[in-house]
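Numbering (my numbering), first residue to last: 16 to 320.
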């Protein structure tokens, strides 16, 4: 549901105008203000979304933020990630305008292995990757009311992917001192494109990358997960997204399990419940009920059906 919060104006400076729009699994936020008062609404939104990260991109002016003992000032053309499971303090410094993207934590952590290092760190939006990502977010923010809910999930996946591509381009030189991050990204991309192959294993990945299995394990060890753990996480997280996507509601769970590389539905069911604490069936039903409970999204789904 799209929401716009306005505070009453009674002979006082203009209060912040904040817009929050659901786009599938992510939320897009625009916030602007013509005075130097605080931006408490953004702090409140983050507090209510403990399982997400928020990307804050400053378009005009500047803001300050603090988290985990880190304090930063974001100027126009800079962005930073913040972990909503930890307390965040935002404050405005004069006039400002910003874009925010709330992204489920499991999506980012599956794609970016250096999240702890970049939280609350100001980074510059430079190069074509950020121009592409930022332009898409602005366009979707403007068109959100006309996007059917099922289609929104596809756009949400594209937003996450483009943001991660841009972040990787920005952080490669700042946070990668070994040169192995590029190899890790190549391996991760290969895994993602071959999830349906149930025979995918460290030997196959190493052969495709032209490196030894021993070196492959060393590269993944630095990310905090073994190769096999990463492969299983990628399969489960991909299946979780597919199960929540209303456009794929007609696909049976056993087919989804097969598409992400599980040899049997029983093996998939056990792995899914072990990871997320609920069955794949319950997760799909819960996601569907949440969508149906939103009158705007429900109307869009009915219209698209």
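Glycine included, C-beta positions come from ideal geometry on N, C-alpha and C.
If you draw a straight line from the Cα of residue 250 to the Cα of residue 221, it comes to about 18 angstroms.
In terms of CA proximity to residue 152, 35 leads the group 302, 35, 201, 283.
Of all alpha-carbon atoms in 299, 286, 245, 87, the one lying nearest the alpha-carbon of residue 257 is that of 299. Beta-bridge partners assigned by DSSP to residue 56: none are found. Residue pairing from DSSP leaves residue 220 without any beta-bridge partner. Secondary structure note for residue 85: it is in no alpha helix (DSSP H), and the uninterrupted beta strand (DSSP E) holding it is 85-90. Rounded to whole angstroms, the gap between the alpha carbons of residue 144 and residue 174 is 12 angstroms. In the three-state scheme derived from DSSP, where H, G and I count as helix and E and B as strand, residue 248 is classed as helix.
For the pair residue 68 and residue 98, the CB atoms are nearer than the 7 angstroms cut-off. Rounded to the nearest angstrom, the Cβ distance from residue 224 to residue 266 is 31 angstroms, too far for a contact under 8 angstroms. Assigned with DSSP and collapsed to three states, residue 277 falls in coil, not helix or strand. Along the region 84-166, the alpha helix (DSSP H) occurs as fully enclosed runs of 4 or more residues at 120-126, 130-133, 142-158, listed in sequence order.
Comparing alpha-carbon positions, the option among 262, 253, 286 lying closest to residue 303 turns out to be 262. The criterion of a C-beta distance shorter than 7 angstroms is not satisfied by residue 170 and residue 260. Cβ contact annotation for residue 72 (same chain, cutoff 7 angstroms, sequence separation greater than five): 94, 113, 114, 140, 149, in chain order. Our two residues, residue 122 and residue 48, have alpha carbons roughly 31 angstroms apart in a direct line.
Secondary structure of residue 40 (DSSP, three-state): coil. Contact annotation, residue 56 with residue 135: C-beta distance approximately 19 angstroms; criterion of less than 8 angstroms not satisfied. Taking C-alpha positions only, residue 216 is separated from residue 243 by approximately 7 angstroms. Taking all protein chains in view, the Cβ of residue 75 is surrounded by fewer than 16 other Cβ atoms within 10 Å, so the residue is classified as exposed.
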